[in-house]
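Colleague: Here numbering that gives the first Met the number 0 is used: the sequence shown runs in plain steps of one and ends on residue 505.
In this text, a Cβ means the ideal position worked out from N, Cα and C, and glycines have one as well.
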Amino acid sequence: MKSILYFVSVVFLSLPTFAQNVTYESYDKAREVLDRSITAYGGMEKLRAIENVTFRAEGDTVHRNQSRKPFTLDRTPFKASYIIDAKNTRYRQSQDGWFPGGYHWVNGFAMNKAEGVSWNVLRGSMNPIPNIPPANFRGRLRMFPQFIILNAASRASRLRFISRTTFDGRAHDVISYANEDGLEISLYIDQKSGLLSKFETLGTDPYFGDVINETIFPAYREHNGQLVPTGRVDRRGGDVINDLKYLDVVFNASLTDDDFKKPPDGIKPATPAPTNAPSSTKYADNIYTVSAAPDYNVLVVGFQDYVFVMEAPGGDATSRQAIAEIKKLFPGKPIRYLAVTHHHDDHAGGFRTYVAEGVTVIGLPGEKTFFEKVMKSSFTIDRDALTLKPQPLKWESLEGRKRVLTDGTTTVELIDIGPSPHAEEMLVAYLPNEKLVFQGDLLDRPANNDPPTINDITVHFSNWLDTSKLDVARVIAVHGPPSTRDELRQGVAEKKKSENQKVGPR
Ligand SMILES: [Zn+2]
Numbered sequence: 000m001k002s003i004l005y006f007v008s009v010v011f012l013s014l015p016t017f018a019q020n021v022t023y024e025s026y027d028k029a030r031e032v033l034d035r036s037i038t039a040y041g042g043m044e045k046l047r048a049i050e051n052v053t054f055r056a057e058g059d060t061v062h063r064n065q066s067r068k069p070f071t072l073d074r075t076p077f078k079a080s081y082i083i084d085a086k087n088t089r090y091r092q093s094q095d096g097w098f099p100g101g102y103h104w105v106n107g108f109a110m111n112k113a114e115g116v117s118w119n120v121l122r123g124s125m126n127p128i129p130n131i132p133p134a135n136f137r138g139r140l141r142m143f144p145q146f147i148i149l150n151a152a153s154r155a156s157r158l159r160f161i162s163r164t165t166f167d168g169r170a171h172d173v174i175s176y177a178n179e180d181g182l183e184i185s186l187y188i189d190q191k192s193g194l195l196s197k198f199e200t201l202g203t204d205p206y207f208g209d210v211i212n213e214t215i216f217p218a219y220r221e222h223n224g225q226l227v228p229t230g231r232v233d234r235r236g237g238d239v240i241n242d243l244k245y246l247d248v249v250f251n252a253s254l255t256d257d258d259f260k261k262p263p264d265g266i267k268p269a270t271p272a273p274t275n276a277p278s279s280t281k282y283a284d285n286i287y288t289v290s291a292a293p294d295y296n297v298l299v300v301g302f303q304d305y306v307f308v309m310e311a312p313g314g315d316a317t318s319r320q321a322i323a324e325i326k327k328l329f330p331g332k333p334i335r336y337l338a339v340t341h342h343h344d345d346h347a348g349g350f351r352t353y354v355a356e357g358v359t360v361i362g363l364p365g366e367k368t369f370f371e372k373v374m375k376s377s378f379t380i381d382r383d384a385l386t387l388k389p390q391p392l393k394w395e396s397l398e399g400r401k402r403v404l405t406d407g408t409t410t411v412e413l414i415d416i417g418p419s420p421h422a423e424e425m426l427v428a429y430l431p432n433e434k435l436v437f438q439g440d441l442l443d444r445p446a447n448n449d450p451p452t453i454n455d456i457t458v459h460f461s462n463w464l465d466t467s468k469l470d471v472a473r474v475i476a477v478h479g480p481p482s483t484r485d486e487l488r489q490g491v492a493e494k495k496k497s498e499n500q501k502v503g504p505r
């Protein structure tokens, strides 16, 4: 008995000590790697002396799950300039990029502590952003490796050694730490140079579940006595999403508060958008849109025996919210069909939640294999509705460009308008009795009801409406308030006029 007691007490007493040693050993090993890296960047004093950094970025945006076809990665040019003021928690960016198909955007953002402002250069409008959480600024700091090393050093008790591995053909030590936001970040430190080659975080993708986010600094060069990254490559789930060069890096420029408070001259405050937007909007008996945060509208049509839903934006949480709202509008009626305007992840990322609900998906033939792949994703980190309640995919391909749902009173025509410059296959819903069309990304409008955005995609859509001969009074948008057919015509005419002026006589 005595020996058993002795054995038990030894096991119990020694367990915590043993566990603590393993933790300490891991910390100690990681500390050594981090210290070597600090030395490689010139030492702690030199790192701490970096108060701010200004640089430009140029390269490509790669449109993962945002390209014209599923499984392809369209590239568009991107350029930007950044000021990161680590010392004073101030930040400014100006960015110029595209979505495939001629959707140009030019915008900016500045923050001073928790106060921010964003602006849209093409519209000439700005919006204040109050109460920016500290995590936002910490994310900006991670664009530059020196700030990541400093952050890891300030979180010493969270440092752990993970592994030795090969990355980009070179030996690396991998250490990790949890930052102030609870974000676990793995750092790949090159064994030879001591520099940060990449960092990783683990997350959840609405389509593909468990996913690794990687930020790679492919190489360094010496510049004004500092080692600066030549660029940055971001990857998500193995796919490149940003491929950028860093240019004109300047350390410790003299900056004023004004650099972080104001957009460029000539940009005016936008009319504020309504802050208490309704959770649903009624267009006719049994025809609604439900708002899915942030800035997405879902079409909901109640037929005699069932509900039809179009668009599944965001991910699982957004779809759950939308489904709860739909059930309030049509209590007791099952959601039988789901359709999405196109395969982009922001428009159909919540598709799995509807499958768990038991719907039949009406989709375009070219999207079938893509959504079949999405069905097979593994969600072990954030278990979504389909993981908790597995269901097979019930898929109906829309053949012959059109599918009509009707109960004799209410009618919805699903029409494939593709190929659009935005996506090769593109569905819209036409409600002939109400003279309404519901569409995504073909005609966007700001939440404050400013005039709709007119780009090449919108012009294509307007032309399609003309040739289709559909009787349309209003166009409901996934993004923003509806527009009349006349507003769309007028916008297209104005765009043509301004382009003709730009070309002018030579
Ligand atoms: Zn899209």
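Strictly by DSSP, which residues pair up with Arg91?
Modeller: The residue given as residue 91 occupies position 92 in the sequence shown. For Arg91, which the question treats as bridged, DSSP gives the partners Ile82, Ala109.
Colleague: Quick check on the DSSP output: what are the complete beta strand (DSSP E) runs of length 3 or more inside the segment 191-238, in order along the chain?
Modeller: Counting only runs of 3 or more, we get 195-204, 208-215, 219-222, 225-228, 230-235.
Colleague: Candidates Glu486, Val300, Lys375: which alpha carbon is nearest Leu442's?
Modeller: Residue numbering aside, residue 442 sits at position 443 when the sequence shown is read from its first letter. For Leu442, the nearest C-alpha among the options comes from Glu486.
Colleague: Is the beta carbon of Gln438 within less than 7 angstroms of some heavy atom of ligand 1?
Modeller: To locate residue 438, count along the sequence shown from 1; it is residue 439. Checking the Cβ of Gln438 against ligand 1 gives no.
Colleague: Measuring only the C-alpha atoms, how far is Gly357 from Lys367?
Modeller: Start at 1 with the first residue of the sequence shown, and residue 357 comes out as number 358. Start at 1 with the first residue of the sequence shown, and residue 367 comes out as number 368. Those two C-alpha atoms are separated by around 17 angstroms.
Colleague: When DSSP labels each residue in this structure, what does Pro129 get in the three-state scheme?
Modeller: Looking up residue 129 in the sequence shown gives position 130. Coil.
Colleague: Would you kindly work out how many angstroms separate the C-alpha atoms of Asn64 and Val239, rounded to a whole number?
Modeller: Start at 1 with the first residue of the sequence shown, and residue 64 comes out as number 65. Start at 1 with the first residue of the sequence shown, and residue 239 comes out as number 240. Rounded to whole angstroms, Asn64 to Val239 spans 11 angstroms at the Cα level.
Colleague: Using the Cα positions of Val248 and Ala29, report the straight-line distance between them to the nearest angstrom.
Modeller: Stepping through the sequence shown from its first residue, residue 248 is reached at position 249. Stepping through the sequence shown from its first residue, residue 29 is reached at position 30. Looking at the two C-alpha atoms, the distance is approximately 30 angstroms.
Colleague: Looking at the structure shown, is Met142 part of a helix, part of a strand, or coil, going by DSSP?
Modeller: Your numbering for residue 142 matches position 143 in the sequence shown. Looking at Met142 - three-state DSSP - the assignment turns out to be coil, as it is neither helix nor strand.
Colleague: Does the Cβ of His103 have 16 or more other Cβ atoms within 10 Å, making it buried, or fewer, making it exposed?
Modeller: If you number the sequence shown from 1, residue 103 lands on position 104. Flag for His103 reads exposed.
Colleague: So who's on the other strand from Thr405, going by DSSP bridges?
Modeller: Translated into the one-based positions of the sequence shown, residue 405 becomes position 406. DSSP lists Thr410 as partners of Thr405.
Colleague: Please state whether the Cβ-Cβ distance between Leu392 and Met374 is less than 8 angstroms.
Modeller: Taking the sequence shown and counting its residues from 1, one reaches residue 392 at position 393. Taking the sequence shown and counting its residues from 1, one reaches residue 374 at position 375. Yes, the pair counts as a contact, with Cβ atoms nearer than the cut-off.
Colleague: Kindly indicate which residue of Leu397, Glu44, Tyr429, Val297 has the alpha-carbon position closest to the one of Leu469.
Modeller: Numbered from its first residue, the sequence shown carries residue 469 at position 470. Here the closest residue by C-alpha is Tyr429.
Colleague: Got a sec: does ligand 1 put a non-hydrogen atom nearer than 7 angstroms to the Cβ of His421?
Modeller: Here residue 421 refers to the residue found at position 422 when the sequence shown is read from its first residue. Under cutoff, so the answer is yes.
Colleague: Threshold first: 3 residues or longer. Then list the beta strand (DSSP E) segments lying entirely within the segment 337-370, N to C.
Modeller: Runs found: 359-362.
Colleague: Could you pull the start and end residues of the alpha helix (DSSP H) that His459 belongs to?
Modeller: Taking the sequence shown and counting its residues from 1, one reaches residue 459 at position 460. Counting along the chain, the alpha helix (DSSP H) containing His459 begins and ends at 455-467.
Colleague: Check Ser419 in the structure and name its three-state DSSP category.
Modeller: For the purposes of this step, residue 419 is identified with residue 420 of the sequence shown, where counting begins at 1. The answer is coil: DSSP assigns Ser419 none of H, G, I, E or B.
Colleague: Is the Cβ-Cβ distance between Pro293 and His346 less than 8 angstroms?
Modeller: Within the sequence shown, the letter at position 294 stands for residue 293. Within the sequence shown, the letter at position 347 stands for residue 346. Taking 8 angstroms as the Cβ cut-off, Pro293 and His346 do not qualify as a contacting pair.
Colleague: Is the beta carbon of Thr203 sitting closer than 8 angstroms to the one on Ile380?
Modeller: For this step, residue 203 is matched to residue 204 along the sequence shown. For this step, residue 380 is matched to residue 381 along the sequence shown. Cβ distance < 8 angstroms, so Thr203 and Ile380 count as in contact.
Colleague: Does the beta carbon of His459 fall short of 7 angstroms from some heavy atom of ligand 1?
Modeller: For the purposes of this step, residue 459 is taken as the residue at position 460 of the sequence shown. Outside the cutoff, so no.
Colleague: Going by C-alpha to C-alpha distance, which of Ala283, Asp284, Ala269 sits closest to Ile128?
Modeller: The sequence position of residue 128 within the sequence shown is 129, counting from 1. Closest by alpha carbon: Ala269.
Colleague: Using CA atoms only, rank isn't needed, just tell me which of Trp463, Ser377, Glu433, Thr408 is closest to Ser419.
Modeller: The count along the sequence shown starts at 1 and reaches residue 419 at position 420. Ranking the options by Cα distance to Ser419, first place goes to Trp463.
Colleague: Confirm the yes/no value for this check: CB of His341, any heavy atom of ligand 1, distance under 7 angstroms.
Modeller: Translated into positions along the sequence shown, residue 341 becomes position 342. Result yes, Cβ under 7 angstroms from ligand 1.
Colleague: By DSSP's criteria, Val116 is part of a beta bridge. Which residues make up the other side?
Modeller: On the sequence shown, residue 116 is found 117 positions in, with the first residue counted as 1. Ala109, Pro127, per the DSSP bridge assignment.
Colleague: At a cut-off of 7 angstroms, is His222 close to ligand 1 when judged by its beta-carbon and the heavy atoms of the ligand?
Modeller: For the purposes of this step, residue 222 is taken as the residue at position 223 of the sequence shown. His222 Cβ: outside cutoff for every heavy atom of ligand 1.
Colleague: Leaving out the 5 sequence neighbours to the left and right, which residues in its chain are closer than 7 angstroms to Leu182 when beta-carbon positions are compared?
Modeller: Sequence index remark: in the sequence shown, residue 182 carries index 183 (1-based). Contacts found: Thr200.
Colleague: Examine the Cβ distances between the segment 437-454 and the segment 476-486 and report whether three or more of them are shorter than 8 angstroms.
Modeller: The segment 437-454, when compared against the segment 476-486, does touch it at the 8 angstroms Cβ threshold.
Colleague: Below 8 angstroms on the Cβ atoms is my guess for Ile211 versus Gly236; work out the distance and round it to an integer in Å.
Modeller: Here residue 211 corresponds to residue number 212 of the sequence shown, with the count starting at 1. Here residue 236 corresponds to residue number 237 of the sequence shown, with the count starting at 1. At roughly 7 angstroms, the Cβ-Cβ gap stays under 8 angstroms, so Ile211 and Gly236 are in contact.
Colleague: If you run the structure through DSSP and keep just helix, strand and coil, what is Tyr245?
Modeller: As a working note, residue 245 is residue 246 in the sequence shown. Tyr245: strand per DSSP, three-state reduction.
Colleague: Taking all protein chains shown into account, do 16 or more other C-beta atoms lie within 10 angstroms of the C-beta of Phe160, making it buried, or fewer, making it exposed?
Modeller: Walking along the sequence shown from the start, residue 160 turns up at place 161. Counting Cβ neighbours within 10 Å, Phe160 comes out buried, since at least 16 surround it.
Colleague: With hydrogens ignored, establish whether the beta-carbon of His346 is closer than 7 angstroms to any heavy atom of ligand 1.
Modeller: Stepping through the sequence shown from its first residue, residue 346 is reached at position 347. Yes; taking the cut-off as 7 angstroms, the Cβ of His346 has a heavy atom of ligand 1 nearer than that.
Colleague: For Tyr23, which three-state DSSP category applies?
Modeller: Start at 1 with the first residue of the sequence shown, and residue 23 comes out as number 24. If DSSP states are grouped into helix, strand and coil, Tyr23 belongs with the helices.
Colleague: Who are the near neighbours of Asp256 in its chain, counting only those whose CB is closer than 7 angstroms to its CB and skipping five residues on each side?
Modeller: In the sequence shown, residue 256 corresponds to position 257, counting from 1. These residues qualify, in order along the chain: Asn111.
Colleague: Is Gln92 near ligand 2 - that is, is its Cβ less than 7 angstroms away from at least one heavy atom of it?
Modeller: For ligand 2, the structure offers nothing, since it holds only ligand 1.
Colleague: On the premise that Ala79 lies in contact with Gln94, defined as a C-beta separation below 8 angstroms, what is that separation, rounded to the nearest angstrom?
Modeller: Start at 1 with the first residue of the sequence shown, and residue 94 comes out as number 95. Start at 1 with the first residue of the sequence shown, and residue 79 comes out as number 80. Gln94 to Ala79, Cβ: 4 angstroms. Contact.
Colleague: Should Ser156 go down as buried or exposed, given a rule of 16 or more other Cβ atoms within 10 Å for buried?
Modeller: If you number the sequence shown from 1, residue 156 lands on position 157. Exposed: under 16 other Cβ atoms inside 10 Å.
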